[in-house]
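Protein chains in written order, with the working numbering: chain A, 650 to 763; chain B, 2 to 114.
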């Protein structure tokens, strides 16, 4: 049973426009959420995170929004650039016995067209 | 430079052979992890370790084994008992507790024929 769901396997966006990647979760105990970016044949790199006590976190072109009542978070990229083309993973964490082990979604492949 | 190294980048083995994947970090992180990535499956946790000489099974530990004899090193052995070993394997490390992110290595592509 997937606790973190990224229901869109892929997203195609024009350069300069906004990219919105979505993530839903089922475990209300999750207290920290992270987004990672991954290029083919490379390891993921951390992009941005948000604590459950906040509803928005912004870092340059990247903004993450958290809607706890809907158990939904989204990553906005504005403006989108061709170099943003990658797979984006949403991850959520719950402090379970102090392990802080994150659960990952299956990823969304973003393609930004020039 | 600080980071995580995985070697080799590509690894080929015959079915029935055990193979060990290397993971080394110089970030002074206590926690280390092994993930497996298959197409459309995201990242699935194999094993993790929060401290030297201790490790825990993840979601898909069957057919794998690990050791954590040194803080910097967390090798993963893919045994012949693993039914579908061909995959992309990722090692990661992090600080423990609090708000943190994981740092990932470049990955090892294992192909078993």
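C-beta atoms are modelled at their ideal positions from N, C-alpha and C, and glycine is treated no differently.
Local conformation of residue i per DSSP, three classes
i, result
"residue 732 of chain A", "helix"
"residue 62 of chain B", "coil"
"residue 101 of chain B", "coil"
"residue 667 of chain A", "coil"
"residue 86 of chain B", "coil"
Sequence-distant residues of its chain with Cβ nearer than 8 Å to residue i (five each side left out)
i, result
"residue 704 of chain A", "714, 715, 716, 717"
"residue 10 of chain B", "107, 108, 109, 110"
"residue 65 of chain B", "35, 47, 48, 77, 78, 79, 80, 83"
Below-9 Å beta-carbon distance, residue i vs any chain A residue
i, result
"residue 65 of chain B", "no"
"residue 45 of chain B", "yes"
"residue 61 of chain B", "no"
"residue 160 of chain B", "There is simply no residue 160 of chain B to check, as chain B begins at 2 and stops at 114 in what is shown."
"residue 76 of chain B", "no"
"residue 88 of chain B", "no"
"residue 14 of chain B", "no"
Whole-angstrom C-beta distance between residue j and residue i, which should lie under 8 Å
i, j, result
"residue 659 of chain A", "residue 758 of chain A", "4 Å"
"residue 737 of chain A", "residue 684 of chain A", "6 Å"
"residue 742 of chain A", "residue 680 of chain A", "7 Å"
"residue 92 of chain B", "residue 7 of chain B", "5 Å"
"residue 754 of chain A", "residue 43 of chain B", "6 Å"
Interface flag, residue i vs chain B, CB-CB below 9 Å
i, result
"residue 694 of chain A", "yes"
"residue 690 of chain A", "yes"
"residue 749 of chain A", "yes"
Contacting residues, own chain, Cβ-Cβ under 7 Å from residue i (five flanking each side not counted)
i, result
"residue 3 of chain B", "27, 28"
Under 8 Å: do the stretch 63-71 of chain B and the stretch 720-734 of chain A share three or more Cβ pairs, one atom per stretch? Not touching, per the Cβ criterion.
Can we say the stretch 83-103 of chain B touches the stretch 21-35 of chain B, given the rule of at least three CB pairs closer than 8 Å? Using a Cβ-Cβ distance cut-off of 8 Å, the stretch 83-103 of chain B and the stretch 21-35 of chain B are in contact, since at least three pairs of beta carbons, one from each stretch, lie closer than that value.
Do the stretch 13-27 of chain B and the stretch 74-92 of chain B meet, that is, are 3 or more Cβ pairs less than 8 Å apart? Yes, they touch.
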